[in-house]
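To convert, note that position 198 of the sequence shown is 376 in my numbering; the numbers rise steadily by one, no gaps.
The beta-carbon is built from N, C-alpha and C at its ideal position, and this holds for glycine as well.
Keep in mind that this is a model prediction, so the values were computed, not measured.
Taking it in order: structure first as structure tokens, then the write-up.
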Amino acid sequence: MIISLGGFVTRRIYLRKRDDYKVQPNFILGVDRIAGILNSIALLISLMLAFGIRPLEFLTSITIVAAAIALLTKDYITNIVNGLIMMFSDQLEIGDKIQVGRHTGFIRDITLINLVLKNDSGEIILIPNNMALTTDVVNFSKNNTHQVIFDVEMSATNEIHLVPLEEKLVAILQKSKDTVFPEGAQLNVLERKAETVLVRFQFPIKTGEKAAEISLKKEINQALIDWTHEQRKA
179 MIISLGGFVT
189 RRIYLRKRDD
199 YKVQPNFILG
209 VDRIAGILNS
219 IALLISLMLA
229 FGIRPLEFLT
239 SITIVAAAIA
249 LLTKDYITNI
259 VNGLIMMFSD
269 QLEIGDKIQV
279 GRHTGFIRDI
289 TLINLVLKND
299 SGEIILIPNN
309 MALTTDVVNF
319 SKNNTHQVIF
329 DVEMSATNEI
339 HLVPLEEKLV
349 AILQKSKDTV
359 FPEGAQLNVL
369 ERKAETVLVR
379 FQFPIKTGEK
389 AAEISLKKEI
399 NQALIDWTHE
409 QRKA
């Protein structure tokens, strides 16, 4: 009860100090997770005392077993510590769109073990917390923009003219200049093989413009399909 009351008071003091009364989910999550851990420890100690077991003597008597358990749960402990670090930092927040390795999505939850992402296809991706803090992470939400990326594989048997293709795609972006930044669009060749060429088209768009992003993705995909079809006919 004392731990739960302490967590409640901490949350109230934190929210009262914020001028805009806007909840920062990370901090609230961190307080709740720590309260849960402390409550579990308190419950375990209470059960030991109820059965007449002294917690300190019990721990000293199973030192070797405790060391073995610590080795086996090392990764879990690392994930828990890294998860708490993320919860009490402002680098990653729930709702941010980030890229971790090859995975891109919106942060839906930060647990003691995993960072939960949801990509544009609606799939749930679980990223271990230690991976999120030891690999390169791109946070598209911090500058109010993020990159929309299209990768397309084109046949190298016919001539590929990148400049007309880029002009055609940028012309589509010009229709939505209020949400898209056409001047930041890029068309690059990622990989060249004997029979195919991997091309990437990307452009920055304002974060939160989900409807506009979906509409643009359909138009860009259709333009790339039409372009590929024209190349095959040629």
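Inter-residue spacing [alpha-carbon to alpha-carbon] between residue i and residue j
i, j, result
"I263", "H281", "21 Å"
"A372", "P360", "32 Å"
"R370", "R378", "12 Å"
"I285", "M179", "31 Å"
"E397", "I350", "7 Å"
"I258", "N307", "8 Å"
"I305", "D314", "13 Å"
"G283", "D274", "8 Å"
"Y199", "F266", "Note that Y199 has pLDDT 45, beneath the 50 cutoff, so the model's placement of it is unreliable and no number is given."
"T289", "L222", "22 Å"
"Q352", "G214", "51 Å"
"T374", "E331", "6 Å"
"V341", "I302", "37 Å"
"S218", "K388", "41 Å"
"D356", "T312", "36 Å"
"K395", "D329", "12 Å"
"L225", "D287", "32 Å"
"L183", "D298", "39 Å"
"E235", "I212", "25 Å"
"I233", "A220", "For the record, residue 233 in the displayed sequence is Pro; it is not Ile. If I take the Cα positions, the gap works out to 11 Å."
"T256", "E337", "52 Å"
"A246", "T238", "14 Å"
Within-8 Å CB hit, residue i to chain D
i, result
"K388", "Here there is only one protein chain, and chain D is not present."
Residue i, buried or exposed, once every other Cβ within 10 Å from all chains shown has been counted against 16
i, result
"T251", "exposed"
"V131", "Absent from the model: residue 131. The displayed extent of the chain is 179 to 412, so no value can be given."
"A310", "buried"
"F418", "Here the chain covers residues 179 to 412 and nothing more, so residue 418 does not appear."
"V316", "exposed"
"F381", "buried"
"I327", "exposed"
"T385", "buried"
"L227", "exposed"
"V201", "With a pLDDT of 45 at V201, under the threshold of 50, the modelled position of that residue is not reliable, and the figure given next carries that caveat. Its Cβ having fewer than 16 others within 10 Å, V201 is exposed."
"H324", "buried"
"I276", "buried"
"I231", "exposed"
"I383", "buried"
"E391", "buried"
"Q269", "exposed"
"L293", "buried"
Given residue i as reference, the closest of the options once Cα atoms are compared
i, options, result
"V278", "K395, K296 and Y254", "K296"
"G362", "L376, L270 and E344", "E344"
"L207", "G283, G261 and E391", "G261"
"V367", "S333, D253 and L394", "S333"
"T335", "N308, I303, Q409 and E301", "Q409"
"K318", "H339, Q352 and I272", "Residue 318 is actually Phe in this sequence, not Lys. Nearest C-alpha to F318: I272."
"Y254", "L216, I291 and A245", "I291"
"K346", "D210, D404 and P233", "D404"
"T406", "H339, P233 and I181", "H339"
"L402", "P233, K355, G184 and V348", "V348"
"L216", "I181, Q400, F236 and L234", "I181"
Residue range of the unbroken beta strand (DSSP E) whose run includes residue i
i, result
"N366", "Q364 to R370"
"T374", "T374 to K384"
"N292", "N292 to K296"
"N317", "V315 to N317"
Limits of the unbroken alpha helix (DSSP H) element including residue i
i, result
"K355", "Element bounds for K355: n/a, residue is neither H nor E."
"N308", "N307 to T312"
"I338", "Neither: I338 is in no alpha helix (DSSP H) and is coded neither H nor E."
heavy atom of the ligand HEM below 7 Å from residue i C-beta
i, result
"A390", "As far as ligands go, the structure on display features none, and thus does not contain the ligand HEM."
Task: Inside the region 262–286 only - beta strand (DSSP E) runs reaching at least 3 residues - done: 275–278
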